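At position 154 of the sequence shown (counting the first as 1) the number is 153 in numbering that gives the first Met the number 0, and the numbers step up by one without a gap. C-beta atoms are modelled at their ideal positions from N, C-alpha and C, and glycine is treated no differently. Keep in mind the model is a prediction, meaning the values are calculated, not measured. Working notes, structure below.
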Amino acid sequence: MTAFVVGLTGPMGSGKSMVAGMLRELGAKVLDADAIVHDEQLRGTVGYSAIVQTFGTKVLGEDKEIDRAKLAAEVFGDPTKLRRLEQILHPRVIARVLEARSMLPDAAVLVVEAIKLLEGELRKICDRVWVVIAPRETMIERLGMRGMGEREAELRLAQQLTEVQFRAAADAVIVNDGDRERTRERVRDAWARIREATEG
């Protein structure tokens, strides 16, 4: 037996990181796939070399590190380029998740927060999938607080799975409608079911 893996996903701006924080407080080990992706793009890594080789030096900043905004502008809206980038980075994310899982005791719960969880191989190593959803206007508002214009936010959300698709893939749905305490209760309820599965 190995540690129990919960994949935590949902659209941009739904509040995945807040839910991940609540799970951390409850005792889960949390990995952020986006942070792993960031690490794997740093100068000197295999990911960095592969990205520069594939997309050219135009995705680099003045410091010669990969400029994430330039890279995003290069791939979003072009499915072929986006798929190429994912082929470079996703295997590295999976390797890091498997490594983290192997270092945890059997009854431990590893939560992997990942926006692209359902579209790739990462889904296969999860024992459960949790989806965080929020009203569309709330997500757009949250993305605006991150400096994203309304049109760009709409465009990014349109490129992701629909709420119906997310719900269909979920073992648990956490509705994050802006009431933090109510969201915390939903997280606790879903967590209790996970603990039953891992300790029972």
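Annotation: K28 is outside any alpha helix (DSSP H); the continuous beta strand (DSSP E) that includes it extends over K28 to D31. Inter-residue distance for D126 and V5 is about 6 angstroms (C-alpha atoms, whole angstroms). Distance from the CA atom of L160 to the CA atom of P10, rounded to whole angstroms, is 7 angstroms.
In the displayed model, T79 falls within a helix according to three-state DSSP. The residue among D176, R150, A168 and R145 with its C-alpha nearest the C-alpha of T137 is D176. Per DSSP, V51 is not a residue of any beta strand (DSSP E); the alpha helix (DSSP H) it occupies stretches across V45 to F54. Residues of the same chain with a CB within less than 8 angstroms of the CB of L121, apart from the 5 flanking positions on each side, are G6, A32, H89, V92, I93, V96, V111, A113 and K115 in chain order. Scanning the region 86-163 from its first residue to its last, the whole alpha helix (DSSP H) runs of 4-plus residues come out as 135-144 and 149-157. DSSP, read as helix, strand or coil, puts G14 in coil. Annotation: the continuous beta strand (DSSP E) that includes T8 extends over F3 to T8. In this structure, the alpha-carbon of F75 lies about 16 angstroms from that of I65. Across the structure, A107 and T197 are spaced so that their CA atoms are roughly 8 angstroms apart. The criterion of a C-beta distance shorter than 8 angstroms is not satisfied by A191 and L109. DSSP links A171 through a beta bridge to W129.
Per DSSP, reduced to three states, the secondary structure at L84 is helical. At least 8 angstroms separates the beta-carbon of E39 from that of V58. Apart from the 5 residues on each side of it in sequence, R185 sits with its Cβ closer than 6 angstroms to the Cβ of I173 in its chain, given in chain order. Taken atom to atom, the span from the alpha-carbon of T79 to that of E195 is near 42 angstroms.
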